[in-house]
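In what follows, a structure is listed as structure tokens, so that the remarks can point back to it.
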Amino acid sequence: MNKTVSIIIILALVVVLGIIFFGGGSDSVSAQNVEIRDGIQYVTVDARGGYFPQTSNAKAGIPTKLIMKTSGTFDCSSALVIKSLNYQNILPQNAETEIDLGVPKAGEPLQGVCGMGMYNFQVRFN
Ligand SMILES: [Cu+2]
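Counting from 56, one number per residue, gives the positions in the sequence shown under this note's numbering.
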């Protein structure tokens with residue numbers, strides 16, 4: 056009897072922990088690619104067959120750099136256009152390309168598109 060009770064308690068704990076981890080995880084999907092190091096905010100976007108995550112949430116009012124990460128990127132997501140920065144570049148196939156975003160203002164999201172306008176991503180600043 057005691058064994059059964061402890062098994063049930065362990066199972067319940069596993070379920071609760073799972074909800075905490077996975078529930079919290081899905082909520083912070085776009086926050087995982089944003090980090091602040093030495094007062095500089097880095098937003099990392101993967102470019103390969105599109106841009107991931109498609110929407111990132113970052114803080115406004117902090118010097119910010121966009122890191123475009125390619126790995127074996129042979130498709131047109133390597134042809135990056137950011138109109139608001141007058142930025143147009145072919146990203147190397149395997150690299151982390153740093154793009155200075157200055158100090159973004161709240162409510163002015165950054166939009167990136169591929170050269171063909173097929174894939175896009177945005178970084179929101181709050
Ligand atoms: Cu494209």
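Beta carbons: idealized from backbone N, C-alpha and C, even for Gly.
Is it the case that the Cβ atoms of residue i and residue j are separated by a distance below 8 Å?
i       : j       : result
Val-178 : Leu-140 : no
Asn-181 : Asn-112 : yes
Lys-138 : Thr-99  : no
Leu-146 : Thr-119 : no
Within 7 Å: the Cβ of residue i and any heavy atom of ligand 1?
i       : result
Tyr-142 : no
Met-123 : no
Tyr-174 : yes
Gly-170 : yes
Looking at the unbroken beta strand (DSSP E) that takes in residue i, where does it start and where does it end?
i       : result
Tyr-142 : 142 to 145
Cys-169 : 165 to 169
Ala-113 : 110 to 113
Asp-101 : 95 to 102
Ala-134 : 134 to 137
Thr-152 : 150 to 155
Lys-120 : 119 to 125
Val-158 : Taken as a continuous stretch (DSSP letters only), Val-158 belongs to no beta strand (DSSP E), as it is neither H nor E.
Taking the beta carbon of residue i as the centre, do at least 16 other beta carbons fall within 10 Å, making it buried, or is it exposed?
i       : result
Ala-161 : exposed
Thr-128 : buried
Glu-163 : exposed
Thr-110 : exposed
Thr-59  : exposed
Val-158 : exposed
Give a yes or no on whether the minimum CB-CB distance between residue i and chain B is below 8 Å.
i       : result
Pro-164 : Judged by its chain identifiers, the structure shown contains no chain B, having just a single protein chain.
Contact check, residue i vs residue j under 8 Å by CB: the rounded distance?
i       : j       : result
Leu-135 : Gly-105 : No, Leu-135 and Gly-105 are not in contact; Cβ-Cβ is about 12 Å, not under 8 Å.
Ile-117 : Gln-96  : 5 Å
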